[in-house]
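Encoded as structure tokens, the structure appears first; notes follow it.
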Amino acid sequence: MGAVNIPIRDVWAALTGGNCSRATEKIVLNIRLIKAIVALLAGAALSVSGLQMQTLFRNPLAGPYVLGISSGASLGVALVVLAGIGSSIGIAGAAWVGAAVVLLVITAVGQRIKDIMVILILGMMFSSGVGAVVQILQYLSKEESLKAFVIWTMGALGDVTSGQLLILVPSVFAGLLLAVLTIKPLNLLLFGEEYAVTMGLNIRRSRSLLFLSTTLLAGTITAFCGPIGFIGLAMPHVTRMLFQNSDHHVLLPGTILSGASILLLCDIISKIFTLPINAITALLGIPIVVWVVLRNKSITA
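Under this note's numbering, think of the first position of the sequence shown as 347, with each following residue one higher.
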């Protein structure tokens, strides 16, 4: 699999420090292992952020990509990359800020407008608006910066360096740890905010934790892997279907495992057929979206 075919025994030897060539060891440890780690982390992060958004907004079609959170992160990255700033910290910070701003705006609107379709339409409008701004920035940018940004927009798991991994790993783990702290609030929010308040939930604190967790998860992955669609939307529903449970004590770890494994599988398929990762995630996600819409007919009513 890949440009260089490496037997399983040589892969195992490279991972365990056994007898293999220097070139094999470098390919396995410096390229393919990093890519596998990134795929697992990205799948887990995007899936959990989607689960959080679907519960917070009580909207089965919510997700970081659909609500425009990933687009906000993309705008932050565009401002930094097209300005010629290549710092990993700068890229990550810009993505976090962009994701947080869009999330805050969507939440503020969601407090006033309860209609599911209106919130989804607003999310798509934000995405379109951000896309227009990014296109203007692309038009005004220099050729070298534009090339780097266009490659980033395609979404890729194999472009993360070992240095960037040092930022990505702790950021994702911090986001997942915050997600664990929101399990109880998410379970209460399933019954609505009024019920959650009567049960003693601090709504403001819970929202802040959810915002911070989602910003870290979706923003970090978008910063270093580009916009990856459908995983955040589809995997929470796959997990619910597999476990037949709405308790976040079950859903959260289930979503982490299913999201990580599915994105790794998508990456393997994309490598075998030499296709963009977003093409594979879309082929997986679109049937699930159709199933969700048909199952929740009230969305289209």
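Where is the CB? At the ideal position from N, CA and C, for every residue including glycine.
Secondary structure note for aspartate 593: it is in no alpha helix (DSSP H), with a DSSP letter that is neither H nor E.
Apart from sequence neighbours up to five positions away, the residues of its chain that approach arginine 586 with a beta-carbon distance below 8 Å are Ser592 and Leu597, ordered along the chain. About 5 Å separates the beta carbons of glycine 565 and alanine 419, which is inside the 8 Å limit, making them a contact pair. Taking a cut-off of 8 Å for Cβ pairs, the stretch 409-423 and the stretch 513-532 do not touch, as fewer than three such pairs fall below it. One Cα belongs to arginine 378, the other to isoleucine 459, and the distance between them is close to 46 Å. In the three-state reduction of the DSSP assignment, cysteine 612 falls in the helix class. Look at lysine 530 here: in three-state DSSP terms it is helix. Annotated three-state conformation of valine 394 is helix, per DSSP. In the three-state reduction of the DSSP assignment, cysteine 571 falls in the helix class. Looking at the backbone, the Cα of histidine 594 and that of phenylalanine 495 are separated by about 37 Å. Within the stretch 462-499, the complete alpha helix (DSSP H) runs of at least 4 residues fall at 462-486 and 489-499. Judged by beta-carbon spacing, isoleucine 608 lies within the 9 Å limit of isoleucine 577, meaning their Cβ atoms are closer than that value.
Within the same chain, no residue comes within 6 Å of arginine 551 by CB-CB distance, once the 5 residues on both sides are set aside.
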